[in-house]
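Engineer: Read in order, the letters of the sequence shown correspond to residues -18 to -1, 1 to 638 in mature numbering (1 follows the signal peptide of the UniProt record, and there is no 0). Take a look at this one; I'll ask things after.
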Amino acid sequence: MKKILFFLFLFSGTSSFAQIKLARLFSDHVVLQRQKPIPVWGWAKPKESVTVTLAGQTVTAKADTSGKWMVRFKPLEAGGPFQMTASAKSGKITVQDILIGEVWLCSGQSNMEFRVQQADNYAEEKKNADFPKIRHFFVDHEVTMVPQKDLKNGSWEIASAETVGNFTAVGFFFARELYQKLNIPIGLLHSSWGGSQVEGWISKEGMLGSDVLKDYAQHMPTTWEEADKQIDAKLRTQLFKDPQINPSAADEAKYTQAGYDFSKWHKTDNPIGQWDWKGIWAFRGNGYMARIITIPADLASQKTILALAENDSQNSIYINGKQVSSGIVKGVRKIEIPENTWKAGDNSLVIKFGNLISSPWYGLGLQGSADDLYVGTDKQKISIAKDWFLMASFADAHSYVHSSNNVGTTIYNGMIAPLIPFATRGTLWYQGESNAGRAYQYRKSFPLLINDWRKKWSVNGKPGDESFYFVELSSFGSDQSSNKGSNWAELREAQTMTLKLPKTGMAVTIDVGNAKDIHPTNKQDVGHRLATNALKLDYGQNIEYSSPMYDTVTFSEGKATVSFKFAGSGLMIKDKYGYLRGFEIAGEDKVFYYAKAEILGNSVIVYHPKGVKPVSVRYAWSDAPVEANLYNSEGFPANPFRTDTWPGTTEGKKFE
């Protein structure tokens, strides 16, 4: 009898999966888009009739042969809370606490994923986070080879001091300003992935219909096994110049021997961080780090400490071919090195180690601070924080993690396809850092993403009309002159060119970045500048919303006159010294010089005291233009620009 009851229970449990089901987005506390038809979908038994009710409306649909059904409610105005029910012979589902308001999709890479708890003034922000009508849904990271029908996890969270820390910071500060000025519920549908490239977010159909990524889509792998083989071949080509080279255990044993030449390994100036971001993408297994260390004679004769930051895997450490340490050390590793182990002059240090044990997802790499990489004593320390060489171990067991940038379209498949056609007002996008090396191609791939998503959200064959507001790259890296070129400046230019698409807007953020950190913590100003775009363009408020944008230039009498759009009530200098910085001019020889610049109305006059006859003007044309200080009086920084079309540093670089 017990066996019979067990099988009855098992049967009833498995058959329940055929009962009526709503897409995961339609769960308690959801915010639905006002003033637009509201699509609601889910699954039931094939051909089953489904009835859905919401806010006094009742709509019926029939499931198709796969069991999927969809209804569309007529547009509703802001309000709630409401209850929605979906019922069929196979069951009934009820969703509680539904609000009708404004829904924004938040997407991109790590600066969109960046959480409120990481942003400036978090303690104060928590106190100002009690907004029950602001809700947030986080989409889990997932990459798949085929578009997914539904999300596996996720729920709507209500903004409060307890929950807001995990919200997207840019999205929350945007939503808070909208709510405070519109008094309308705001839903944030958050689907982002740190380090992701734009190509991962575009559908295969979108790629096939483009001139920029069609060839890639036609030849992309269709299984993870194929993808792994491609990545493996790329990595071997990168490290050995030949995809067929396969080192044996005996070959790799030579890596740790005295005198081995590792100078042709992959070089990195900053060993802290995952190897994924050092150029050895997705590899999981063992690896080698090596470096030449020059030791003075007086230190060689002493007992020293070798500090190697943090990596809690099995480590084997070799100095001049001799193993000096082996084992697992948690926290900052400080290895005692006996006197006379080092020799005066150059020494080879080679470390073999594996994936982190405490954080297996991290893979190879070091955690901690560059200050914890040194050789020395209490009185004397030699930094070893730069100039390391890396090599993956192919002789040992290894694999490739299925992550964001292995194969194009796979993020779209796992993290965007299941959201379509959930109604939204628009998208907030913060991405581009990972595409800076292909900035010229971004001129086409970024508009392609926008058009692709709008087409996917189409209704009755008409592309979606969702607004698309994005964050221009902030400042990170060096403030080099135009003579050295800048990938980041070229990416900003590509973003600016994308404003040609309808219903787009851009937040310029070069003044709120951090030249030493790719993740600036001031996300409040970023959210505000995105909000001004929406408040003006979507909600009709009479406000200035844009940074000054380059319009025209004229050259005469050794000077350049640059005029601007969106000057607001006037251009201004934001600098304690009171003079403009960040402008460069070049003559016919294309050599750039830092120039003098003066505001005249809505224009800037640019010239060089030594009489260089300009044919080009550039402004804030560097990775981190921290000195640029031209604003409009409404407080928006002028957008970086150049007046020439001379070849750039990323021209011809392509995604493959």
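Here a beta-carbon is modelled for each residue, glycine too, at the ideal position from N, C-alpha and C.
(1) Would a C-beta distance cut-off of 8 Å place residue 391 and residue 94 closer than the cut-off?
(2) Using 10 angstroms around the beta-carbon of residue 261, count the other beta-carbons present and answer buried if the total reaches 16, otherwise exposed.
(3) Terminal residues of the continuous alpha helix (DSSP H) containing residue 112?
(4) Taking a contact to mean a Cβ-Cβ separation below 8 Å, would you say residue 488 touches residue 477 in this structure?
(5) Are residue 88 and residue 171 close, meaning C-beta to C-beta below 8 Å?
(6) If the criterion is Cβ atoms closer than 8 Å, does the pair residue 50 and residue 23 meet it?
(7) State buried or exposed for residue 339, treating a residue as buried only when at least 16 other CB atoms are found within 10 Å of its CB.
(8) If we count Cβ pairs, one from each stretch, closer than 8 Å, do we get three or more for the region 246 to 261 versus the region 320 to 327?
(9) For a minimum of 3 consecutive residues, which ranges assigned as the beta strand (DSSP E) are wholly contained in the region 529 to 588?
(10) Indicate whether at least one CB of chain D lies closer than 8 Å to the CB of residue 258.
(11) With a cut-off of 8 Å, do at least 3 Cβ pairs link the region 102 to 122 to the region 132 to 142?
(12) Who are residue 601's beta bridge partners in DSSP?
(13) Should residue 615 and residue 387 be called a contact, given that it needs their Cβ atoms to be closer than 8 Å?
(14) Indicate the three-state DSSP secondary structure (helix, strand or coil) for residue 333 in the structure shown.
(15) Could you spell out where the alpha helix (DSSP H) holding residue 186 opens and where it closes?
(16) Can we say the region 559 to 576 touches the region 586 to 602, given the rule of at least three CB pairs closer than 8 Å?
(17) Rounding to the nearest angstrom, what Cα-Cα distance links residue 610 and residue 133 in this structure?
(18) Just the C-alpha distance for residue 619 and residue 385, rounded to the nearest angstrom, thanks.
(19) The beta strand (DSSP E) that contains residue 311, what's its start and end?
(20) Determine whether the beta carbon atoms of residue 389 and residue 209 lie at a separation below 8 Å.
(21) Per DSSP, what are the beta-bridge partners of residue 396 in this structure?
(22) According to DSSP, is residue 434 part of a helix, a strand, or is it coil?
(23) Quick one: is residue 493 buried, meaning 16 or more other Cβ sit within 10 Å of its Cβ, or exposed?
(24) By DSSP, does residue 465 sit in helix, in strand, or in coil?
(25) Name the residue from 187, 524, 282, 514 whose alpha carbon lies nearest to the alpha carbon of residue 200.
(26) Going by DSSP, what residue range makes up the beta strand (DSSP E) through residue 15?
(27) Is the beta carbon of residue 276 less than 8 Å from the beta carbon of residue 327?
(28) So residue 401 packs on residue 173, CB below 8 Å; how close in whole Å?
(29) Along the alpha helix (DSSP H) that carries residue 281, what are the first and last residues, could you check?
(30) Less than 8 Å separating the beta-carbons of residue 604 and residue 471?
(31) Looking only at its chain, what residues have a beta carbon closer than 8 Å to the beta carbon of residue 224, apart from the 5 residues adjacent to it on each side?
(32) If we count the other Cβ atoms within 10 Å of its Cβ and call it buried at 16 or more, is residue 628 buried or exposed?
(33) Leaving out five residues before and five after residue 147 in sequence, what residues of the same chain have Cβ atoms less than 8 Å from its Cβ?
(34) Ignore the nearest five residues each way along the sequence and tell me which others in residue 316's own chain have a CB closer than 6 Å to its CB.
(35) Residue 46: which of 156, 336, 598, 2 sits nearest, CA to CA?
(36) Which two residues bound the contiguous alpha helix (DSSP H) that contains residue 55?
Structural biologist: This is what the structure gives:
(1) no
(2) exposed
(3) No alpha helix (DSSP H) contains residue 112, which DSSP labels as neither H nor E.
(4) yes
(5) yes
(6) yes
(7) exposed
(8) no
(9) 531 to 538, 541 to 547, 553 to 555, 565 to 568, 574 to 576, 578 to 582
(10) Absence of chain D from the displayed structure is noted, only one protein chain being present.
(11) yes
(12) 565, 623
(13) no
(14) strand
(15) 186 to 190
(16) yes
(17) 44 Å
(18) 36 Å
(19) No beta strand (DSSP E) holds residue 311; DSSP gives it neither H nor E.
(20) yes
(21) Its beta-bridge partners do not exist; DSSP assigns none.
(22) helix
(23) buried
(24) helix
(25) 187
(26) 13 to 15
(27) yes
(28) 7 Å
(29) 279 to 282
(30) yes
(31) 218
(32) exposed
(33) 97, 98, 99, 104, 108
(34) 287, 289
(35) 2
(36) Note, residue 55: premise wrong, no alpha helix (DSSP H); beta strand (DSSP E) at 50 to 55.
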